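Inspection log for the structure reproduced underneath, given as structure tokens.
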Amino acid sequence: MTVEKALNVGPSGIEVAYERLGDPQAPPVLLVMGLAGQLINWPDGLCAELVDRGLHVIRFDNRDSGLSTHLHDAPPPDLSAAL
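In our numbering, the protein residues as written are 1 to 83.
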């Protein structure tokens with residue numbers, strides 16, 4: 001597995017870790033895990049099956065998880081307000 005990082009993302013300039021699987025010229029599929037998910041939460045078998053079906057799979061670590069930027073000084077998210 002080769003994880004890359006997108007640098008200076010968004011207004012806060014954070015780093016987002018991501019992995020690309022399959023042919024970059026194939027139709028892309030962006031896997032979004034959601035709340036605090038890491039790219040490793042997507043089963044490798046699912047990703048392999050998508051690649052085998054001719055898709056370019058992209059999975060990523062959300063902010064504050066995995067290898068993406070962790071905002072240690074930020075207040076905890078207000079999940080009830082977000083819902």
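We put the CB at the ideal spot given by N, CA and C, even for glycine. For clarity, every value in this text was computed on a predicted model and none was experimentally measured.
{"query": "Distance CB(residue 39)-CB(residue 57) smaller than 8 Å", "result": "no"}
{"query": "For residue 3 and residue 83, believed in contact at Cβ under 8 Å, the rounded distance", "result": "That belief does not hold up - the Cβ atoms of residue 83 and residue 3 are roughly 30 Å apart, past 8 Å."}
{"query": "Top-ranked residue by Cα proximity to residue 74, from 12, 7, 8", "result": "12"}
{"query": "Residue 79 burial status per 10 Å Cβ neighbour count (16 or more: buried)", "result": "exposed"}
{"query": "4 or more residues per run - each alpha helix (DSSP H) lying fully within the stretch 27–73", "result": "44–52"}
{"query": "Whole-number beta carbon distance between residue 16 and residue 61, since they are thought to touch under 8 Å", "result": "7 Å"}
{"query": "First through last residue of the alpha helix (DSSP H) which encompasses residue 79", "result": "79–82"}
{"query": "Unbroken beta strand (DSSP E) run spanning residue 16, endpoints", "result": "14–21"}
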